[in-house]
Amino acid sequence: MEKFTIYTQAKSSLGGKRSDTLTGVVASGNLEILFERKGEPLAVIVEVMTASHGYQHVWEAVIKDFVARVSPGGMYISIHDNGARPDTVLLRLMQGARLMEARS
Amino acid sequence: MTDWTKQKAERARRVAAVTSLVSGKVVEPENVTSLLERIICSGDRVCLEGDNQKQADFLAESLTRVDPAQVHDLHIVQSGLVLSEHIDLFRLGIARKLDFSYSGPQSGAIARALDQGKIELGAIHTYIELFARYFVDLTPHVSLIAAVSADRNGNLYTGPNTEDTPTIVEATAYKNGIVIAQVNKIVDEVPRTDIPGDQVDFIVEAPRPFYVEPLFTRDPAAVTETQILMAMIALKGIYAEYRPRRLNHGIGFATAAIELLLPTYGKQLGLQGEVATHWALNPHPTLIPAIESGWVQQIHCFGSEVGMDHYMSARSDVYFIGHDGTLRSNRLLCQNAGLYACDMFIGSTLQIDLAGNSSTVTPDRIAGFGGAPNMGADAHGRRHISDAWLKAGREAAGNNGPLVRGRKLVVQMAETFGEGMKPAFVEELDSIVLARKLGMPLAPVMIFGDDVTHIVTEEGVANLLLCRNADEIEQAIRGVAGYTPVGLARDRVKVEALRQRGVIRRPEDLGIDILQANRNLLAARSVRDLVTWSDGLYAPPSKFRNW
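Chains A and B supply the protein sequences, listed in that same order.
So that you can map any letter, position 75 of the first sequence is 75 in my numbering, and since no number is skipped, the others follow by simple counting.
Just add 104 to the spot in the second sequence (first one is 1) and you have my numbering.
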């Protein structure tokens with residue numbers, strides 16, 4: 001297990017009212033991501049727990065793209081990867097952000 | 105005086121040499137090896153019918169038992185090298201030279217045998233390329249084939265897996281060769297005559313039915329959300345754009361996901377009746393929901409698929425069915441249909457380089473090509489038009505002048521990372537490394553970059569038709585290569601410029617709702633669902649049953 005936290009800033013805060021959401025399930029080739037609306041409105045904090053060592057640069061690239069694409073300001077995101085591939089991580093992040101933006 | 109009938113005399117000599125071993129055309133199983141020792145001569149070209157599915161396995165086993173001192177240096181010319189017996193022929197010194205198309209499960213063994221010098225490799229062909237050579241310079245002297253049943257005159261019923269048989273027999277029988285068939289049963293009357301008896305010399309009732317490999321069954325339960333997202337990108341970015349009505353799908357999970365999305369997402373996009381109505385396709389169980397929902401008008405098949413026979417017999421408006429009520433497949437004709445009559449090929453690959461060349465060869469496996477290079481190639485002899493074909497051609501030419509011809513859509517789908525986090529995008533194909541190691545003058549490339557029109561990954565679709573030079577192609581490929589080293593090394597400014605031009609389109613550019621990329625979007629989520637869709641007519645092989 002490797003654990004690290006990535007701190008970054010978004011251009012705007014994420015819309016919607018939901019306080020938190022969970023996407024995915026920890027199972028083979030999948031992962032679990034918890035979104036919480038807390039902290040500074042433009043801050044993005046991503047806490048990663050990963051099964052594979054030595055991929056921090058890939059994680060940073062994934063998070064950078066995610067932040068550029070959806071601008072998730074004000075999100076505290078906890079990722080419990082289960083050896084998931086970067087594409088699955090990005091898909092889940094995008095899905096989580098969409099769920100947070102939903103009205104109810 | 106020149107003797108113009110030497111082949112005929114040689115054939116008569118060989119047939120006469122086995123009269124004591126046969127009764128009419130019938131050989132008993134225990135006499136087959138002796139018969140082969142007298143019928144086959146050292147140096148002969150032999151086709152031991154191994155299609156990608158149907159296997160003349162009893163004859164293969166019998167051939168491995170001939171005395172290598174008597175029969176050796178055979179030149180094996182067959183499409184599929186699939187059974188361990190096929191490799192044994194080389195290991196035992198019975199065969200030396202090989203020309204083939206596909207090796208599937210024996211891909212590792214072939215690579216090892218080549219490395220040890222046990223196989224002298226002619227070439228790895230596509231199916232129709234090898235069949236073409238049967239009629240020019242690789243005509244078999246002896247063909248050992250498989251059929252479901254035969255009558256005593258040698259008329260053969262091949263059943264739904266007709267596959268390569270008519271082509272092999274045509275080349276052999278009409279060029280003074282000898283045809284020997286193993287059949288599951290000798291009967292008084294065959295249900296239909298797939299091969300006329302005057303083209304068949306000997307028949308043997310094999311001790312067990314010939315083996316058929318289920319190759320095209322993809323379990324919907326194993327389709328991932330990434331594959332669903334890729335299928336959505338393909339449907340919206342390619343099917344909806346070009347509206348290809350006539351097409352072929354590869355056999356991987358990526359296209360299985362598209363098949364399972366036709367009745368749901370495809371319908372939502374208003375594509376029913378507009379795309380994918382006519383197919384050159386194996387009987388994919390994952391297409392059942394689309395067929396049952398009324399998407400598909402007609403399908404011609406290369407081969408059959410285990411468990412699909414009753415379903416197809418009951419859907420004779422869709423499939424090609426004999427008057428006896430069972431499927432008639434034909435690999436040569438279906439490959440030709442895929443080459444000339446289809447507007448699109450879409451399939452998975454394992455490796456793509458920066459020029460769009462794609463390959464399924466890895467350093468220790470030579471899997472061959474099968475039909476992919478023909479399905480995935482623009483046929484320069486095509487002269488009829490369709491909207492999809494013309495649109496692709498005009499995009500490539502950058503204009504629509506009077507002599508701008510069309511292009512076949514050749515779409516390669518790849519998840520950016522494959523098994524064990526192996527990147528699908530590479531600077532140099534493994535096949536080039538392998539060719540260097542084995543001293544092959546031409547690296548085995550499945551689809552050359554100049555034939556590929558689109559690449560779909562979970563990151564988006566790259567339209568190579570709109571690229572104007574090698575640098576644009578490279579950046580378009582890097583731009584959908586995700587977080588692989590090739591993808592991370594993209595020039596972000598150039599990639600963004602390509603995106604502005606619509607060369608690269610991401611899910612958000614296509615208006616895809618990422619929340620829909622979810623297993624609930626699949627028309628069937630398990631093999632059991634497929635059985636339900638088929639009205640109980642689809643009978644999946646036991647390894648796909650978990651109920």
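Heads up, the beta-carbon is just placed ideally off N, CA and C, and yes, glycines get one too.
This one's a predicted model, so the numbers in the text were calculated from it and none came from an experiment.
Here S19 of chain A is exposed: its Cβ has fewer than 16 other Cβ atoms, across all protein chains shown, within 10 Å. Three or more Cβ pairs drawn from the stretch 313–333 of chain B and the stretch 351–362 of chain B lie within less than 8 Å of each other, which places the two stretches in contact. For M479 of chain B, the uninterrupted alpha helix (DSSP H) segment begins and ends at A476 to M479.
Boundaries of the alpha helix (DSSP H) around M334 of chain B: E329 to A338. E317 of chain B carries a coil assignment under DSSP once its states are collapsed to helix, strand and coil. For F35 of chain A, the enclosing beta strand (DSSP E) has its first and last residue at L31 to R37. For V58 of chain A, the chain B residues whose Cβ falls inside 9 Å of its Cβ are Y587 and L592, in order along the chain. The residues S183, G184, E267, D268, G407 and R435, in chain order, have a CB closer than 7 Å to that of D155 of chain B in the same chain once the five nearest residues on each side in sequence are set aside.
Each residue's CA atom was taken as its position, placing E189 of chain B and S166 of chain B some 9 Å apart. A distance of 9 Å or more separates the beta carbons of L248 of chain B and I307 of chain B. Neighbours of D87 of chain A in chain B, taken as residues whose beta carbon is under 9 Å from its own, are T330, L333, E519, T520, F521, T561, E562, E563, G586 and Y587 in chain order. For E189 of chain B, not one C-beta of chain A is nearer than 9 Å to its own C-beta.
Inter-segment contact for the stretch 568–580 of chain B and the stretch 598–614 of chain B is present: three or more beta-carbon pairs are separated by less than 8 Å.
Sixteen is the threshold: since fewer than 16 other Cβ atoms of the shown chains lie within 10 Å of the Cβ of L507 of chain B, the residue is exposed. Burial check for G341 of chain B: the Cβ neighbour count within 10 Å reaches 16 or more, so the residue is buried. Excluding the 5 residues flanking it on each side, S630 of chain B has same chain C-beta neighbours closer than 6 Å at P324 and A325, in chain order. For Y587 of chain B, there is no enclosing beta strand (DSSP E), as DSSP marks it with neither H nor E. Counting the other CB atoms within 10 Å of its CB gives P467 of chain B a total below 16, which places it among the exposed residues.
Nearest C-alpha to V327 of chain B among B:R632, B:A643 and B:L626: B:L626.
A distance below 9 Å separates the beta carbons of R256 of chain B and I290 of chain B.
In the structure shown, Y238 of chain B falls within a helical segment according to DSSP collapsed to helix, strand and coil. Taking 9 Å as the CB threshold, I577 of chain B stays off the interface with chain A.
S138 of chain B: member of the alpha helix (DSSP H) spanning V136 to I143, first to last residue. Taking the Cα positions, D81 of chain A is about 11 Å away from L90 of chain A.
Here L196 of chain B carries a coil assignment [DSSP, helix/strand/coil]. What M100 of chain A touches in chain B, judged by beta-carbon distance under 9 Å, is nothing: the nearest beta carbon there is about 11 Å away. In the structure shown, S630 of chain B adopts coil according to DSSP, grouped into three states. In this structure, G480 of chain B keeps its C-beta atom at 9 Å or more from the C-beta atom of Q455 of chain B. For V62 of chain A, the closest Cβ of chain B is nearer than 9 Å.
By the Cβ rule, the stretch 535–553 of chain B does not count as touching the stretch 418–430 of chain B, because fewer than three pairs are nearer than 8 Å. R610 of chain B and A97 of chain A have their C-alpha atoms spaced approximately 17 Å apart. Comparing C-alpha distances from L339 of chain B to each of B:R486, B:N624, B:K598 and B:V560 shows the shortest one belongs to B:V560. Around the Cβ of Y7 of chain A, a 10 Å sphere holds fewer than 16 other Cβ atoms; the residue is exposed. Shown in chain order are the members of the stretch 612–623 of chain B whose Cβ falls below 9 Å from a Cβ of chain A: E612, D617, I618, L619, A621 and N622. Spanning the alpha carbons of A471 of chain B and V150 of chain B requires a straight line of approximately 21 Å.
The beta-carbon of R69 of chain A is placed less than 9 Å from the nearest beta-carbon of chain B.
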